[in-house]
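Using numbering that gives the first Met the number 0, you'd call the opening residue of the sequence shown number 0 and step up by one each time.
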Amino acid sequence: MSPSPDRPLNDVERDRMDAILSRFHSEDAIHNAEEVDGFFAALICSPEIAKPNEYLAEIWGEMANDEAFADEQELQEFLGLLMRHWNSIGRKLEEDDVFAPLLFEDEEGTVYGNDWARGFMRGVSFHHTAWEELFVDELYSPLVPILALVYEHDPDPEMRPYKDGIDAQRREELILGVAAGVTAIYEYFGPERRRTAAELGGGRRQAEQKIGRNDPCPCGSGKKYKHCCGKAAL
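Below you can see the structure in the form of structure tokens.
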């Protein structure tokens, strides 16, 4: 029996997803589960709806399926793991007070967060125009800790936010800022995201865009469409 699409990944399943991601050798691919977590968080927060056929190409880059997967069964396994992780992020953002990013530790137990931050900003770039209003001064603060981690090791010293580096205390503060910032961004774009999801489910009648009442809601909440944005379309 296949796992429920609503069940979060356990440690073994996250490691499995991470192992498959490590096979994607294209420079434009996403290479680990931490980066996928950031990428998905941005797409779920976005006021626009990301289609799987679009964002999957971002994940594995230019690598063909027959290079990355042993067979069709392994491809379907990987897609199932991604879908469940997407749903679990959506539920966390919809239900929890503060979002907790998936961050890996190194051999000494240190968490850095750079891969997560790069994944998030890649998701922002996916719908860059829709995010532009968040970059004006009074709304910029939720992105500051994320951008600090993105540019921590930038080759151009002028792009680095902390010229003397990020010490352990400051890194902890930045990661806490990431969690709070993602929660704030999700709430900020909520009304626009729900309007977009309602249009996709109710206003557009093309068969390829129709969302089933029992399908996962495209807003990323992890709920069924009929129990979430589908209410607005009825």
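C-beta atoms are modelled at their ideal positions from N, C-alpha and C, and glycine is treated no differently.
Exercise for the section: Output the residue ranges of the alpha helix (DSSP H) runs that lie fully inside the segment 133 to 199 and measure 4 residues or longer, sorted by chain position. Expected result: Entirely contained in the segment 133 to 199, the alpha helix (DSSP H) runs reaching 4 residues are, in chain order, 143 to 149, 167 to 187, 189 to 197.
Problem - Inter-stretch contact at 8 Å, needing at least 3 Cβ pairs: the segment 41 to 60 / the segment 17 to 30 - result: Short answer: they touch.
Problem - Close beta carbons around Gly202, own chain, < 7 Å, minus the five adjacent residues each side - result: Within the sequence shown, the letter at position 203 stands for residue 202. Legend: pLDDT at Gly202 = 40, less than 50; position of this residue unreliable, value from coordinates given subsequently. For Gly202, same chain residues with a beta-carbon under 7 Å away, outside a window of 5 residues either side, do not exist.
Handout entry: Three CB pairs or more closer than 8 Å across the segment 179 to 191 and the segment 94 to 104
Key = They touch, by the three-pair rule.
Exercise for the section: Would you be able to state if there are at least three C-beta pairs under 8 Å between the segment 125 to 143 and the segment 183 to 190? Expected result: Proximity of the segment 183 to 190 to the segment 125 to 143 meets the contact definition, three or more beta-carbon pairs being nearer than 8 Å.
Handout entry: Gly108 and Ala40 closer than 9 Å at C-beta
Key = The residue labelled residue 108 in the question sits at position 109 within the sequence shown. The residue labelled residue 40 in the question sits at position 41 within the sequence shown. No, the pair does not count as a contact, with Cβ atoms beyond the cut-off.
Practice task
Report yes if the C-beta distance between Glu34 and Asp114 is below 9 Å; otherwise report no.
Solution key: Here residue 34 refers to the residue found at position 35 when the sequence shown is read from its first residue. Here residue 114 refers to the residue found at position 115 when the sequence shown is read from its first residue. With contacts defined as CB atoms closer than 9 Å, Glu34 and Asp114 qualify as a contacting pair.
Practice task
Go ahead and pull the three-state DSSP assignment for Val242.
Solution key: Residue 242 is absent from the model: the chain starts at 0 and stops at 233.
Practice task
Please classify Glu61: does DSSP put it in a helix, a strand, or coil?
Solution key: For this step, residue 61 is matched to residue 62 along the sequence shown. DSSP places Glu61 outside both helix and strand once states are collapsed to three, so it counts as coil.
Problem - Bridge partner(s) assigned by DSSP for Glu104 - result: Position 105 of the sequence shown holds residue 104. Val110, per the DSSP bridge assignment.
Handout entry: Close beta carbons around Pro4, own chain, < 8 Å, minus the five adjacent residues each side
Key = Locating residue 4 in the sequence shown gives position 5, where the first residue counts as 1. Same-chain partners within the cutoff: Gly79, Met82, Arg83, Asn86, Pro215.
Problem - Lys91 burial status per 10 Å Cβ neighbour count (16 or more: buried) - result: Counting from 1 along the sequence shown, the entry for residue 91 is found at position 92. Looking at its Cβ environment, which holds 16 or more other Cβ atoms inside 10 Å, Lys91 is buried.
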